[in-house]
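Below: the structure, in structure tokens.
2 protein chains.
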Amino acid sequence: MERLKQAIMDRGSVLSKNVLKVDTFLNHQIDTILMAEVGEEFARIFQEEGITKVLTIESSGIAPSFMAATKLEVPLVFARKRKSLTMDEHVYASKVYSFTKQQESEIAVSKDFLDPGDKVLILDDFLANGQAAKGLIDIVEKAEAVVSGVGIVIEKSFQPGREQLVNSGYRVESLARIKSLDDGRVTFVESHAPVK
Amino acid sequence: MERLKQAIMDRGSVLSKNVLKVDTFLNHQIDTILMAEVGEEFARIFQEEGITKVLTIESSGIAPSFMAATKLEVPLVFARKRKSLTMDEHVYASKVYSFTKQQESEIAVSKDFLDPGDKVLILDDFLANGQAAKGLIDIVEKAEAVVSGVGIVIEKSFQPGREQLVNSGYRVESLARIKSLDDGRVTFVESHAPVK
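Have a look at this one:
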């Protein structure tokens, strides 16, 4: 998605060879026009899948997912992050390890909001090691619902998340695929446009 | 806003005389059609204010704010909640006491995303004791920006938040105003429609 790539190049910051900061338009300040387009693009890509629910994770996943779910005319459910592993019979929960924070946390969705037979589109802001996506997939499958696809705003293609998900048979669609952040520059998969 | 009131009556749960649960359409599962209408209503109400930014707080504020900011054609900024009071020179921060959780936490916004002269619309899902709204107002004023209004999806009018904000001179617009949750029933201000 060209406008997204342009935003990454113009307004993102490469903090290290693993870390791209996009607080200016996605993770803290939200460029509403761009995120509306991102949501519409997800809706377009997955329109033939008969999606019944969009599932994301708080907080940065909510804005791009909101417009996708609106266009698909389905509810949006966001998984909650919990610091402590508390017992709660009425949720589907999964453990997620954060390589950035080097800690394990738990994500959870109320059993009220995922049903067997739901066709779920999982959306998230970033895909790197795939921990969050795998946690969301685990939750969907615990609910005996179907993962109809995984949509990602920004994929760090040099990390193993995408390959693992695709090898497990999931459809993964990322709107911007980053090949490398080496030397403080963003290089995209395919286009090879080196900027910054 | 009638459709919102109807959703509260049909799909909300009164857990106690202080607690209304709206996980079915606002706080966990999001009714995208209804939240898009909520956002459009905020945009309509505040359209003459010359808003330059919408400010909310993660996570439940993001969905209703997203459409408001999109319609107003301005960026959306969401304040981050932090458990620990960490030092960070580059944020505007404010302490917020949660009566529900009985603990103080901190909310913060990067200095990059609020500028002197910004006309800020503060939006949030609930208004009860006004702690979150006051924290957001504090952040806006630390940035030497202007609070152009406070928009609330659901106001618990029997708690003191609204009155305190209005007495301090802020414009407060709530789309549903709840007079009481006594006896397990929702009663709205004005309409007096007792349901559930």
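So the protein lines, in turn, are chains A and B.
Residues in the first sequence are numbered consecutively from 70, following this note's numbering.
Residues in the second sequence are numbered consecutively from 70, following this note's numbering.
Ideal Cβ positions, reconstructed from N, Cα and C, are used throughout, including at glycine.
Does the Cβ of residue i have 16 or more other Cβ atoms within 10 Å, making it buried, or fewer, making it exposed?
i	result
Val235/A	exposed
Gln200/B	buried
Ser237/B	exposed
Val264/B	For Val264/B, the predicted model reports a pLDDT of 48, less than 50, meaning its position is unreliable; a value from the coordinates is still stated below. Exposed.
Gly253/B	exposed
Gln98/A	buried
Pro144/B	buried
Asp194/A	buried
Leu141/A	buried
Leu84/B	exposed
Lys86/B	exposed
Quick one: grab the DSSP three-state call for residue i.
i	result
Lys170/A	coil
Ala212/B	coil
Ala262/A	Confidence at Ala262/A is low in this model, with a pLDDT of 49, below 50, so its placement is unreliable and no value can be given for it.
Ser243/B	strand
Thr93/A	helix
Phe195/B	strand
Val123/A	strand
Lys86/A	coil
Gly230/B	helix
Glu224/A	strand
Met104/B	helix
Glu158/A	coil
Ser134/B	helix
Gly81/B	coil
Gly204/A	helix
Show which residues of chain A have a CB atom less than 7 Å away from the CB atom of residue i.
i	result
Ser163/B	Result: empty, since nearest Cβ-Cβ is about 16 Å, beyond 7 Å.
Phe195/B	Those within 7 Å of Phe195/B in chain A number zero; the least Cβ separation is about 16 Å.
Give the straight-line distance between the Cα atoms of residue i and residue j, rounded to the nearest whole angstrom.
i	j	result
Phe182/A	Ile247/B	26 Å
His261/A	Ala112/A	Since pLDDT at His261/A reaches only 47, below the 50 mark, its modelled position is unreliable, and no value is offered.
Asn198/A	Asp79/A	25 Å
Phe147/A	Ile126/A	5 Å
Val178/A	Asp187/B	37 Å
Val335/B	Ala137/A	This structure cannot speak to residue 335/B, because chain B is shown only from 70 to 265.
Ile206/B	Phe168/B	19 Å
Gln233/B	Leu89/B	21 Å
Ala212/B	Glu213/A	48 Å
Asp157/B	Glu175/B	12 Å
Gly119/B	Ala105/B	21 Å
Arg240/B	Pro229/B	15 Å
Asp251/B	Gly81/B	14 Å
Ser249/A	Phe257/A	7 Å
Ser243/A	Pro133/A	13 Å
Val107/A	Lys225/B	35 Å
Ala162/B	Gln172/B	16 Å
Glu71/A	Glu117/B	34 Å
Gly218/A	Ser128/A	20 Å
Val165/B	Glu259/A	47 Å
Leu73/A	Val255/B	44 Å
Asp184/A	Lys170/A	32 Å
Ile159/A	Lys180/A	Just to set this straight, residue 159/A is His in the shown sequence, not Ile. About 6 Å.
Ile208/B	Leu103/B	29 Å
Val189/A	Arg231/B	39 Å
Lys203/A	Phe135/A	21 Å
Thr93/B	Asp100/B	8 Å
Ile131/A	Glu210/B	27 Å
Quick one: list the residues of chain B neighbouring residue i, beta-carbon separation under 9 Å, in chain order.
i	result
Glu127/A	Glu127, Ser128, Ser129 and Ile131
Phe182/A	Asp92, Thr93, His97 and Gln98
According to DSSP, what are the bridge partners of residue i?
i	result
Glu175/B	Arg151/B and Lys164/B
Phe115/A	Phe115/A is not bridged to any residue.
Thr256/A	Ser249/A
Gln98/A	Val146/B
Gly186/A	Bridge partners of Gly186/A: none, in fact.
Gly218/A	Leu190/A
Taking Cβ-Cβ distances shorter than 8 Å, what residues in chain B pair up with residue i?
i	result
Pro185/A	By Cβ distance, chain B contributes nothing, its closest Cβ being about 16 Å from Pro185/A, past 8 Å.
Phe168/A	Going along chain B, no residue has its Cβ under 8 Å from Phe168/A, so there is no contact; the nearest lies around 20 Å.
Could one say the Cβ of residue i lies closer than 9 Å to chain D's Cβ atoms, at least one of them?
i	result
Val83/B	No chain D appears in this structure, whose protein chains are A and B.
Listing by chain order, which chain A residues have their CB less than 8 Å from the CB of residue i?
i	result
Ala138/B	Ile99 and Thr101
Pro229/B	Chain A residues near Pro229/B: none, gap ~28 Å exceeds 8 Å.
Val146/B	His97, Gln98 and Ile99
In chain B, which residues lie less than 7 Å from residue i when you measure between Cβ atoms?
i	result
Ala105/A	Thr139
Asp92/A	Ser179
Using 8 Å as the cut-off, classify the Cβ of residue i as near or not near the heavy atoms of the ligand ADP, replying yes or no.
i	result
Met78/B	In terms of ligand content, the structure shown is empty, and the ligand ADP therefore cannot be addressed.
Strictly below 9 Å CB to CB, what residues from chain A border residue i?
i	result
Phe111/B	Correct list: empty, because the minimum Cβ distance to chain A is about 13 Å.
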